[in-house]
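Going down the list, the sequences are from chains S and B.
Start counting the first sequence at 22; every next residue gets the next number (the working numbering).
Start counting the second sequence at 22; every next residue gets the next number (the working numbering).
Written out below as structure tokens is the structure these notes cover.
There are 2 protein chains.
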Amino acid sequence: MQVGVLGTGNVGQTLAGKLVSLGHDVRMGGREAGGEPARAWVAQAGSGASEGTFADAAAFGELIVNATAGMHSLEALAAAGAERLAGKVLVDVANPLDFSAGMPPTLSVANTDSLGEQIQRAHPDARVVKALNTVTASVMVAPESVPGEHELFICGDDAAAKAQVSVLLESFGWPAASILDLGGIANARGMEMYLALWVRLLGVVGGPRFNVHVVRG
Amino acid sequence: MQVGVLGTGNVGQTLAGKLVSLGHDVRMGGREAGGEPARAWVAQAGSGASEGTFADAAAFGELIVNATAGMHSLEALAAAGAERLAGKVLVDVANPLDFSAGMPPTLSVANTDSLGEQIQRAHPDARVVKALNTVTASVMVAPESVPGEHELFICGDDAAAKAQVSVLLESFGWPAASILDLGGIANARGMEMYLALWVRLLGVVGGPRFNVHVVRG
Numbered sequence: 022m023q024v025g026v027l028g029t030g031n032v033g034q035t036l037a038g039k040l041v042s043l044g045h046d047v048r049m050g051g052r053e054a055g056g057e058p059a060r061a062w063v064a065q066a067g068s069g070a071s072e073g074t075f076a077d078a079a080a081f082g083e084l085i086v087n088a089t090a091g092m093h094s095l096e097a098l099a100a101a102g103a104e105r106l107a108g109k110v111l112v113d114v115a116n117p118l119d120f121s122a123g124m125p126p127t128l129s130v131a132n133t134d135s136l137g138e139q140i141q142r143a144h145p146d147a148r149v150v151k152a153l154n155t156v157t158a159s160v161m162v163a164p165e166s167v168p169g170e171h172e173l174f175i176c177g178d179d180a181a182a183k184a185q186v187s188v189l190l191e192s193f194g195w196p197a198a199s200i201l202d203l204g205g206i207a208n209a210r211g212m213e214m215y216l217a218l219w220v221r222l223l224g225v226v227g228g229p230r231f232n233v234h235v236v237r238g
Numbered sequence: 022m023q024v025g026v027l028g029t030g031n032v033g034q035t036l037a038g039k040l041v042s043l044g045h046d047v048r049m050g051g052r053e054a055g056g057e058p059a060r061a062w063v064a065q066a067g068s069g070a071s072e073g074t075f076a077d078a079a080a081f082g083e084l085i086v087n088a089t090a091g092m093h094s095l096e097a098l099a100a101a102g103a104e105r106l107a108g109k110v111l112v113d114v115a116n117p118l119d120f121s122a123g124m125p126p127t128l129s130v131a132n133t134d135s136l137g138e139q140i141q142r143a144h145p146d147a148r149v150v151k152a153l154n155t156v157t158a159s160v161m162v163a164p165e166s167v168p169g170e171h172e173l174f175i176c177g178d179d180a181a182a183k184a185q186v187s188v189l190l191e192s193f194g195w196p197a198a199s200i201l202d203l204g205g206i207a208n209a210r211g212m213e214m215y216l217a218l219w220v221r222l223l224g225v226v227g228g229p230r231f232n233v234h235v236v237r238g
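This is how it looks when you write it as structure tokens:
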């Protein structure tokens with residue numbers, strides 16, 4: 022499959038690298054084409070990897086991954102172009118973390134709205150699925166690096182899109198039973214607000230490589 | 022120990038009942054003395070149980086538990102009286118859930134502030150410890166009802182108060198290693214915002230009797 026990955030940072034590079042390793046053709050998109058991180062990624066990812074602008078990546082992808090910093094996601098997706106996202110599954114991995122007041126960050130949108138909803142409203146013809154935003158990049162693509170059972174949450178308004186994303190997540194190593202569908206895209210509020218706990222657990226746990234297991238009584 | 026439990030609902034009754042069963046003397050406080058739920062609780066809880074107003078319960082307790090509905094906690098604590106809370110450990114169990122727009126609830130305070138912080142600011146001489154707000158009442162007092170490892174979070178500005186609350190939680194059945202101290206009271210933001218995920222997991226899990234286990238990679 023051709024995948025457009027928006028974002029050239031750690032999350033974008035990790036996801037794009039995993040997708041290439043699984044045999045997909047991946048175009049990484051940035052604010053401008055030819056940026057240093059994207060070119061370095063292409064050089065080491067090898068066959069199947071390419072880079073360009075947000076619009077280039079969106080045009081290339083049959084499926085699009087938003088791995089931009091959440092504070093800039095709406096701008097990045099506007100640059101990608103609504104017409105290049107229309108009808109496509111858009112996996113929103115971003116968290117609207119605002120570091121402007123230092124650590125721990127706040128959320129730039131929360132409680133009565135979410136980034137996932139903002140993206141869906143801005144791009145009503147895209148099939149937005151919120152996923153993967155609750156774990157660090159290395160865990161996204163190697164769930165077995167956290168031992169035992171633990172879960173991912175997904176949500177979105179398009180059931181077929183969520184099914185397609187679930188298959189993709191399973192190819193990353195997430196067992197089907199570990200993927201908890203919370204319902205429509207408004208549930209992105211829960212997935213994003215959990216980050217307020219996650220950023221605090223980061224210090225207690227001693228690093229980002231952790232996840233939660235929902236234990237039922 | 023003499024404990025004042027503010028709140029006559031399910032959470033207050035469950036915590037007060039557990040405290041009596043552990044040998045503590047408990048006065049349950051409500052908006053008015055002699056309310057039906059409080060009287061019924063006293064009748065069945067037996068020796069060691071009494072009820073009165075918020076102020077009565079606060080005056081009685083060496084340690085105070087805020088188990089009121091979060092939207093009304095500041096009002097309840099004002100009625101309890103700052104002078105009756107001063108110097109005492111105040112365990113804040115409440116969540117500022119706003120059901121006015123239906124399910125799932127939003128939070129009446131979030132992101133850049135929290136109920137725990139509001140309470141500490143309103144009562145600077147109380148020693149506020151946020152705890153127990155991330156599990157349903159029955160799990161608060163019977164952690165073994167959820168099998169295997171799972172955690173509670175606590176936070177507060179007073180280390181000695183947190184140590185005292187930890188001992189109390191251990192008497193409820195929480196293993197010491199399951200109590201994760203997130204730091205100062207501002208971390209109540211994380212503990213309360215997690216509720217936005219919790220209320221959504223409620224539907225997926227099929228009931229409130231669940232908790233999360235933080236799994237480390």
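Every residue, glycine too, gets a C-beta built ideally from N, C-alpha and C.
For clarity, every value in this text was computed on a predicted model and none was experimentally measured.
| said: Give me the subset of the region 138-156 of chain S whose CB atoms are less than 7 Å from a CB atom of chain B, sorted by chain position. | reply: none
| task | Sort out for me which residues DSSP pairs N24 (chain B) with in a bridge. | result | Sequence inspection shows Val at residue 24 (chain B); the Asn mentioned does not correspond to that position. V24 (chain B) pairs with B:V47 and B:L84.
| query | A79 (chain S): buried (16+ other C-beta within 10 angstroms of its C-beta) or exposed? | reply | buried
| query | Quick one: which chain S residues come within Cβ less than 8 Å of H93 (chain B)? | reply | Within 8 Å Cβ-Cβ: nothing; H93 (chain B) doesn't reach chain S, min ~19 Å.
| Identity of the residues DSSP links to S71 (chain S) by a beta bridge | S:R48
| message | Cβ closer than 9 Å: which chain B residues qualify as neighbours of F231 (chain S)? | response | Neighbours of F231 (chain S) across chain B, judged by C-beta separation under 9 Å: V235, V236, R237 and G238.
| Would you say A79 (chain S) faces chain B, with C-beta separation under 9 Å as the test? | Chain B, which has no Cβ nearer than 9 Å to the Cβ of A79 (chain S), makes this no.
| query | Do you know offhand how far G25 (chain S)'s Cα is from F174 (chain S)'s? | reply | 22 Å
| Mind checking if A90 (chain S) is an interface residue toward chain B, Cβ cutoff 9 Å exclusive? | no
| Touch check for the region 53-73 of chain B and the region 108-115 of chain B: three-plus C-beta pairs under 8 Å? | no
| field | Local Cβ density within 10 Å of A122 (chain S), reported as buried at 16 or more and exposed below that | value | exposed
| N-terminal and C-terminal residue of the beta strand (DSSP E) that N232 (chain S) is part of | F231 to R237
| query | Going by the beta-carbon positions, is the gap between K151 (chain S) and A209 (chain S) smaller than 9 Å? | reply | yes
| 8 Å Cβ shell around R221 (chain S) - same chain, five flanking residues per side excluded | P125
| request: Would you identify the three-state DSSP class for A107 (chain S), choosing helix, strand or coil? | output: coil
| Looking at the unbroken alpha helix (DSSP H) that takes in A152 (chain S), where does it start and where does it end? | Element bounds for A152 (chain S): not the alpha helix (DSSP H) but the beta strand (DSSP E), R148 to A152.
| query | Mind checking if A217 (chain S) is an interface residue toward chain B, Cβ cutoff 9 Å exclusive? | reply | So yes, A217 (chain S) belongs to the interface.
| Whole-angstrom C-beta distance between L40 (chain S) and G91 (chain S), which should lie under 8 Å | G91 (chain S) to L40 (chain S), Cβ: 21 Å. No contact.
| said: Using a 10 Å radius around the Cβ and a threshold of 16 neighbouring Cβ atoms, would you call Q141 (chain B) buried or exposed? | reply: With 16 or more other Cβ atoms within 10 Å, it is buried.
| message | Could you tell me the alpha carbon to alpha carbon distance between S247 (chain S) and E72 (chain B), rounded to whole angstroms? | response | This structure cannot settle anything about residue 247 (chain S), because the visible part of chain S is limited to 22 through 238.
| message | Just verifying my parser: in three-state terms, what is the DSSP assignment at G205 (chain S)? | response | coil
| query | With a Cβ-Cβ cutoff of 9 Å, do N87 (chain S) and P164 (chain S) count as a contact? | reply | no
| field | CB contact below 9 Å: V220 (chain S) versus chain B | value | Closer than 9 Å to some Cβ of chain B, the Cβ of V220 (chain S) qualifies, so yes.
| If we ignore side chains and look at the alpha-carbon of each, how far apart do S68 (chain S) and S42 (chain S) end up? | 10 Å
| message | Counting only C-beta atoms, is L173 (chain S) closer than 9 Å to chain B at any point? | response | no
| In the DSSP assignment, what are the bridge partners of G177 (chain S)? | S:V150.
| field | chain S contact residues for L98 (chain B), given Cβ-Cβ distances below 9 Å | value | Those within 9 Å of L98 (chain B) in chain S number zero; the least Cβ separation is about 23 Å.
| query | H234 (chain S) to A197 (chain B), Cα distance in whole Å? | reply | 19 Å
| task | For A131 (chain B), decide whether its Cβ has a neighbour in chain S, counting only Cβ atoms nearer than 9 Å. | result | yes
| field | Bounding residues of the alpha helix (DSSP H) (the contiguous stretch that carries M161 (chain B)) | value | A158 to M161
| request: Output, in chain order, the set of chain S residues within a Cβ distance shorter than 7 Å of T35 (chain B). | output: Within chain S, no C-beta atom comes less than 7 Å from the C-beta of T35 (chain B); the nearest is roughly 14 Å away.
| query | How many Å lie between V167 (chain S) and G227 (chain S) at the Cα? | reply | 14 Å
| query | Going straight from the alpha carbon of V236 (chain B) to that of G194 (chain B), what length do you get? | reply | 20 Å
| Three-state class that DSSP yields for D77 (chain B) in the structure shown | helix
| said: Let me confirm a value: D146 (chain B) is counted as buried when at least 16 other C-beta atoms fall within 10 Å, else exposed. Which label applies? | reply: exposed
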